[in-house]
Amino acid sequence: MKNFFIFLILTLLVVLQTSFLPSINYLDNINLILILIFSFIFILGIKKALWWGLVGGLMLDLYSILNFGVITIALISSLVLTYFLFKNFFINRSFSSLIILITTATLFYNLILIILSKILKFINLNTYDIILTFQYFYSLIEKIIFNILLILIIFFIGNYLSRKLRFNFKSSL
Amino acid sequence: MKILIPKFKFIIIFGASLALLIFFHYLGALKPLENLFFKILEPLQSQTTIVGNRIQDYFYRFSSVQELQEENQELKDRVNNLIVENIRLNSILEENKILEEQLEFVKENNFDYLPTRVIGKNFDNSLRVLILNKGQNNGVKIGFPVIVGRGILVGQIVEVQNNISKALLLTDSHSVVGAKIQNKTQTSGIVVGEHGLTMKMELIPQNEEVRKNDLVITSGLEEYLPENLVIGEVEKVTIKTGELFQVAIIQPTVSLDHLEILTILKF
């Protein structure tokens, strides 16, 4: 039942990510799936977060014109790196750690997307790649800022409304 | 060692699942599941796209004080007409109007056509792609042009699945379309997307006279792309001495950010 509920939430967020958010300026910088799966690391643990990352990533891949699997791989890689940093370097659970972690996750996710799309285009497996322009880097900064804002809002609301969330957040460390 | 084995087992199972799912997708084994997924979510996606567009329109209108004042003045002038119109108009009528306009154009030109609705967009703003609710089952093929209004080209189909297709907008940096300018000499060149924001026309010989507001249309040299579809208007011309060609910045005649109902031409 719990898994079904998570699946519904994930599907709903995929719908919003591919239809609602891209229609609105600035909000199109938010990566809801990345943030949700990122939050799962603290709430459900890394293994479950990775499985849900696989589901969410594949759903997003269906709506992308990049090769199928590219977004999933980028999402999972960024999660693994975030978890590695979280376990080894940013263990003090402060807001600054949270900001650094989401920044790293966003940066790494986009970096993997760029590298994979360039490699696949270079070996003629895809016509489309991410073109690196000034606008792209500008939008990358916007993406980081908006993702940080959203994760902080979620974190504050979550901590305020639910003691359980706080407990799980700590117990998963 | 005992701690490492479960971790290793998880990595193997997880990696194999990922690889198998991607492999089965390319094999087509997941197609029924994927089609079902699109079919179930399509109505919801369609509605959320409309809501998103409406919200964006609202903010766009009031994005600056100057615009607000102009909008206010315009609204005052039109208020009487709007009261009457508001009673009569509803969203279905509005959609019918758009469709009628597009149908009129395709019938006039004897095109085989397919009305379609935008159900989503590329979620990463580095690529400008629309997701449309018509696919292979409706006869859509890669390369078909997508138009709005009376023959205004907005993009081309780049990927087709059973029930949906993906169209690359003209402003995307990957978009390249053969074009000509509606001037005395029908100057030809190619129109390429500019970072998802605008377009530029390249390969215009230096001796050609190109003016601001000249209309740019398709040349019809590509497969599936008929000639005389409107691409946009010349906004600015850049002539550099010592170069073989001049470059014109082209602005689309419609906003490509708020598209909802479109027509795919089966050319």
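Line by line, the protein sequences are chains A and B. Quick note: our numbering has the first sequence finishing at residue 173, numbered continuously throughout. Quick note: our numbering has the second sequence finishing at residue 440, numbered continuously throughout. Glycine included, every Cβ here is placed at the ideal spot set by N, Cα and C.
Have a look at G415 (chain B) and N380 (chain B) and give me their C-alpha separation to the nearest angstrom.
Taking the straight line joining both Cα atoms gives about 12 Å.
Under 8 Å, Cβ to Cβ, is there at least one residue of chain B near Y128 (chain A)?
Chain B contact via Cβ: present.
What are the complete beta strand (DSSP E) segments, minimum 3 residues, inside the stretch 187 to 249 of chain B?
Listed in chain order, there is nothing to give.
Is there at least one Cβ from chain B nearer than 8 Å to K170 (chain A)'s Cβ?
Any reading at K170 (chain A) needs caution, since the residue's pLDDT is 48, under 50, leaving its predicted position unreliable; the model's value is listed next. No, K170 (chain A) lies away from the interface with chain B (no Cβ there is under 8 Å from its Cβ).
Within 8 Å, do at least three Cβ pairs link the stretch 83 to 92 of chain A to the stretch 123 to 133 of chain A?
No: fewer than three Cβ pairs fall under 8 Å.
Listing by chain order, which chain C residues have their CB less than 7 Å from the CB of Y63 (chain A)?
Note that chain C does not occur in the displayed structure, where the protein chains are A and B.
Contact under 8 Å by Cβ, F108 (chain A) with S78 (chain A):
Against a cut-off of 8 Å, the Cβ pair of S78 (chain A) and F108 (chain A) comes out as a contact.
When Cβ atoms are compared, which residues of the stretch 130 to 141 of chain A fall closer than 8 Å to chain B?
Cβ contacts with chain B: I130, I131, T133, Q135, Y136, S139.
When the cut-off is 8 Å and only beta carbons count, does L36 (chain A) lie next to chain B?
It does not: the Cβ of L36 (chain A) has no partner Cβ on chain B nearer than 8 Å.
Looking at the C-beta of G45 (chain A), does it have a partner C-beta in chain B at a distance below 8 Å?
No, G45 (chain A) lies away from the interface with chain B (no Cβ there is under 8 Å from its Cβ).
What are the partner residues of M374 (chain B), as DSSP defines its beta bridges?
Paired residue(s): B:V364, B:A421.
From E513 (chain B) to L398 (chain B), what distance separates their C-alpha atoms?
Absent from the structure is residue 513 (chain B), since the part of chain B shown begins at 174 and ends at 440.
First through last residue of the beta strand (DSSP E) which encompasses G391 (chain B):
It is Thr, not Gly, that sits at residue 391 (chain B) in the sequence shown. Bounds of the beta strand (DSSP E) holding T391 (chain B) are 388 to 391.
Check whether the Cβ atoms of V14 (chain A) and G69 (chain A) lie closer than 8 Å to each other.
Cβ atoms of V14 (chain A) and G69 (chain A): not closer than 8 Å.
Look up Q17 (chain A) in the DSSP assignment and say whether it is helix, strand or coil.
Correct three-state label for Q17 (chain A): helix.
Can you find a CB in chain A that lies within less than 8 Å of the CB of M174 (chain B)?
Because the pLDDT of M174 (chain B) is 49, which lies under 50, any placement of that residue in the model is unreliable, and the number read from its coordinates should be weighed accordingly. No, because no Cβ of chain A sits closer than 8 Å to the Cβ of M174 (chain B).
With 16 other CB atoms within 10 Å as the buried threshold, where does M372 (chain B) fall?
Buried, by the Cβ-count rule.
Roughly how many whole angstroms lie between the Cα atoms of Y199 (chain B) and I330 (chain B)?
Here the C-alpha atom of Y199 (chain B) lies approximately 20 Å from the C-alpha atom of I330 (chain B).
Would you call L402 (chain B) buried or exposed, if buried means 16 or more other Cβ atoms sit within 10 Å of its Cβ?
Residue burial annotation: L402 (chain B) is buried, with at least 16 other C-beta atoms found within 10 angstroms of its C-beta.
Does any CB atom of chain B fall closer than 8 Å to the CB of S23 (chain A)?
Yes - at least one Cβ of chain B is within 8 Å of the one on S23 (chain A).
Rounded separation between T133 (chain A) and F4 (chain A) - CA only:
Straight-line Cα distance between these residues: approximately 41 Å.
Go ahead and label L287 (chain B) buried or exposed: buried means 16 or more other beta carbons lie within 10 angstroms of its beta carbon, across all protein chains shown.
It is buried - the Cβ of L287 (chain B) has at least 16 other Cβ atoms within 10 Å.
Please state whether DSSP places L466 (chain B) in a helix, a strand or coil.
Limits of chain B in this structure are 174 at one end and 440 at the other, which puts residue 466 (chain B) out of reach.
For K436 (chain B), the residue or residues it bridges with in DSSP
Here residue 436 (chain B) turns out to be Thr, not Lys, going by the sequence shown. Bridge pairing for T436 (chain B): B:P288, B:I320 [DSSP].
Cβ-based burial, N310 (chain B) [other Cβ within 10 Å; buried from 16]
A residue is called buried once 16 or more other Cβ atoms fall within 10 Å of its Cβ, and N310 (chain B), having fewer, is exposed.
Any chain A beta carbon closer than 8 Å to L191 (chain B):
The beta carbon of L191 (chain B) sits closer than 8 Å to some beta carbon of chain A.
Would you say S77 (chain A) reaches chain B, if we count a Cβ-Cβ gap shorter than 8 Å as a contact?
Taking a beta-carbon distance threshold of 8 Å, S77 (chain A) does not count as an interface residue toward chain B.
Considering only the beta carbon of each residue, do L150 (chain A) and I6 (chain A) sit closer than 8 Å?
Against a cut-off of 8 Å, the Cβ pair of I6 (chain A) and L150 (chain A) comes out as no contact.
Taking 8 Å as the CB-CB limit, is G69 (chain A) close to chain B?
Under the Cβ criterion of 8 Å, G69 (chain A) is counted among the residues facing chain B.
Work out the CA separation of A352 (chain B) and L343 (chain B) for me, nearest whole Å.
The alpha-carbon atoms of L343 (chain B) and A352 (chain B) are separated by roughly 12 Å.
Cβ-Cβ distance between T222 (chain B) and S23 (chain A) below 8 Å
Closer than 8 Å, so yes.
Establish whether the CB of N226 (chain B) and some CB of chain A are separated by less than 8 Å.
Residue-level contact check: N226 (chain B) touches chain A, since one or more beta carbons of chain A fall below 8 Å from its beta carbon.
Just tell me which of B:K180, B:K339, B:I320, B:N298 has its CA closest to the CA of E274 (chain B).
Answer by Cα proximity: B:I320.
Would you mind reading off the limits of the beta strand (DSSP E) that contains V302 (chain B)?
Start and end: 302 to 305.
So F210 (chain B) contacts chain A; which residues on that side make the cut at Cβ distance below 8 Å?
Within 8 Å Cβ-Cβ: M59, L62.
Relative to the C-alpha of T358 (chain B), which residue among B:E268, B:I271, B:E367, B:R384 is closest?
The residue with the shortest Cα to Cα distance from T358 (chain B) is B:R384.
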